[in-house]
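Read through the structure below, which is laid out as structure tokens, and then see the notes.
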Amino acid sequence: MGHHYLLPDISQPGKIGCTLPSLDVSPAELPPKELLRQELELPEISETELVRYFTALSKLNYGVDTGFYPLGSCTMKYNPKWHEDIAKLPGFASIHPYQSVGSVQGALRLMFELQEYLTEITGMDATSLTPMAGAQGELASILMVKAYHQSRGDKMRVKILVPDSAHGTNPATAAMCEFEISTVPSDNNGNIDLKSLESMMNEEVAALTLTLPNTLGLFDPQIAEITKLVHQKGGLLFGDGANLNSMLGKVKFGDLGFDCVQLNLHKTFSTPHGGGGPGSGPVCVRSDLADFLPTPLVAKNREGYTFTTPAKSIGSLGA
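In this text, residue positions in the sequence shown follow the numbering used here: the first is 585, and each later residue adds one.
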């Protein structure tokens with residue numbers, strides 16, 4: 585049987601695909617009769633037909649189990665399935681948000697060590713695991729950029745420069761943070777047009793957002809010149825880390841001159857990424873932005889592990 589059919593096409597009265605369990609709760613009172621449908625018109629098919637139908641549909645999909653996602657915008661790869669088994673261990677999955685710090689020391693240790701690993705991997709000085717998605721990591725980064733300039737009394741910096749090849753979340757984030765947005769054009773090779781960037785960089789620019797490699801899959805060979813141009817005018821360089829897969833272990837954002845970067849652990853590492861989530865978007869920063877990191881951070885002291893809040897934190901990003 586081909587794949588180009590719907591379940592109602594093979595429905596036949598009397599076929600049963602599953603048996604509903606006995607009601608184990610009190611029945612709810614139904615709405616008035618005139619509001620109820622007389623027939624649901626659900627397809628009647630066998631379990632075998634149902635399994636074959638959805639299995640056939642699954643074969644039409646392309647996913648990380650099928651092959652590599654060589655996307656310029658967000659490179660995805662296969663992650664070992666046992667990583668998900670580890671994440672589902674009761675010691676992690678069954679933790680309640682209101683448990684005492686003393687009762688979750690194992691989880692806090694893992695979080696602390698992950699902060700340290702990500703700081704080292706990116707070549708930055710501090711990391712917050714708080715952001716719950718890549719876009720929220722961008723939001724946290726630009727909020728930190730804003731707080732940093734305001735703390736210096738630099739109120740003239742009202743613009744964010746965004747390359748024309750950027751993810752749509754970059755300008756959206758800047759707008760949410762009440763910045764003006766200016767688009768930096770690409771050159772004929774798909775990289776940032778340096779002359780345009782030089783003409784646009786001034787004392788009104790708070791930061792340049794830069795995906796590296798960019799959404800065309802290109803590692804901009806002008807990165808040293810870009811960093812110099814931005815910093816000479818007092819701006820900051822934010823890195824969109826959606827494509828860290830391609831440079832992991834080879835190049836560090838800190839060595840390239842980035843001031844802050846968000847990562848996507850559901851792309852570069854093994855956070856599950858199915859059905860629209862969940863995501864994980866930690867932010868890593870240089871020392872001069874560390875005081876602005878979103879709270880909480882995990883810290884280590886003589887008694888073990890605990891939560892801390894940076895001195896000038898932009899606050900919490902979740903409930």
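Idealized CB from N, CA, C, for every residue including glycine.
For residue i, count neighbouring Cβ atoms within 10 angstroms of its own Cβ and tell me buried if that reaches 16, exposed if not.
| i | result |
| --- | --- |
| HIS680 | exposed |
| VAL609 | exposed |
| LYS730 | buried |
| ALA759 | exposed |
| ALA671 | exposed |
| SER783 | exposed |
| LYS834 | exposed |
| LYS851 | buried |
| TYR646 | exposed |
| PHE676 | exposed |
| GLU762 | exposed |
| GLN734 | exposed |
| VAL746 | buried |
| VAL869 | buried |
| TYR732 | buried |
| LEU781 | buried |
| PHE652 | exposed |
Who are residue i's beta bridge partners in DSSP?
| i | result |
| --- | --- |
| GLU764 | LYS743 |
| LYS884 | TYR889 |
| ILE898 | Answer by DSSP bridge pairing: none, since ILE898 is not bridged. |
| ILE776 | SER770 |
| ALA791 | ILE744, LEU820 |
From what residue to what residue does the alpha helix (DSSP H) around residue i run?
| i | result |
| --- | --- |
| ALA717 | That residue, ALA717, is in no alpha helix (DSSP H); it is neither H nor E in DSSP. |
| SER712 | Looking at the DSSP string, SER712 is not in any alpha helix (DSSP H); the run it does join, the beta strand (DSSP E), is 710–712. |
| LEU847 | Run containing LEU847: none in the alpha helix (DSSP H); it sits in the beta strand (DSSP E), 844–847. |
| ASP669 | 665–671 |
| VAL635 | 631–642 |
| ASP839 | 837–840 |
Within a Cβ cutoff of 7 Å, which residues of the same chain sit near residue i, ignoring the five residues on either side of it in sequence?
| i | result |
| --- | --- |
| VAL688 | ILE679 |
| GLU788 | MET740, ARG741, VAL742, LYS743 |
| LEU702 | THR711, LEU847, PRO866, CYS868 |
Could you check where the beta strand (DSSP E) with residue i kicks off and where it finishes?
| i | result |
| --- | --- |
| ASP824 | 820–825 |
Skipping 5 residues on each side, what residues in its chain have a beta carbon closer than 6 Å to that of residue i?
| i | result |
| --- | --- |
| MET585 | Its pLDDT being 48, under 50, MET585 is placed unreliably in this model, and the value from its coordinates should be taken loosely. Counting only Cβ-Cβ distances below 6 Å, and skipping sequence neighbours, we find nothing. |
| ASP748 | THR767, PRO769, SER770 |
| PHE803 | PRO797 |
| PHE842 | LEU821, GLY823 |
| ILE807 | LEU840 |
| GLY818 | none |
| GLY721 | PRO715, GLN846, GLY865, VAL867 |
| GLY888 | GLN689 |
How is residue i classed by DSSP in three states: helix, strand or coil?
| i | result |
| --- | --- |
| GLN596 | coil |
| VAL648 | coil |
| MET585 | Confidence at MET585 is low in this model, with a pLDDT of 48, below 50, so its placement is unreliable and no value can be given for it. |
| GLN689 | helix |
| LYS750 | One point to set straight first is that residue 750 is Ala, not Lys, in the sequence displayed. If DSSP states are grouped into helix, strand and coil, ALA750 belongs with coil. |
| THR799 | coil |
| ALA731 | helix |
| SER770 | strand |
| LEU781 | helix |
| VAL867 | strand |
| THR603 | coil |
| THR879 | strand |
| HIS815 | helix |
| PHE853 | coil |
| GLU809 | helix |
| PRO681 | coil |
| ASP872 | helix |
| GLU613 | coil |
| GLY833 | coil |
| LEU702 | helix |
| LEU591 | helix |
| GLY675 | helix |
| GLU722 | helix |
| GLU628 | coil |
| GLU623 | coil |
Suppose the cutoff is 8 Å on Cβ atoms and the five residues either side in sequence are ignored; what does the same chain contact list for residue i look like?
| i | result |
| --- | --- |
| GLY899 | PRO878, THR879 |
| ILE629 | LEU591, ILE594, SER595, GLN596, LYS599, GLY601, TYR637 |
| THR924 | Outside the shown range of the chain, which is 585 to 903, sits residue 924, and nothing can be said about it. |
| SER897 | ASP875, PHE876, LEU877, PRO878, THR879 |
| PRO805 | ASN775 |
| SER871 | ASP709, ALA710 |
Indicate, with yes or no, if the ligand ZN has a heavy atom lying under 7 Å from the CB of residue i.
| i | result |
| --- | --- |
| PHE853 | In terms of ligand content, the structure shown is empty, and the ligand ZN therefore cannot be addressed. |
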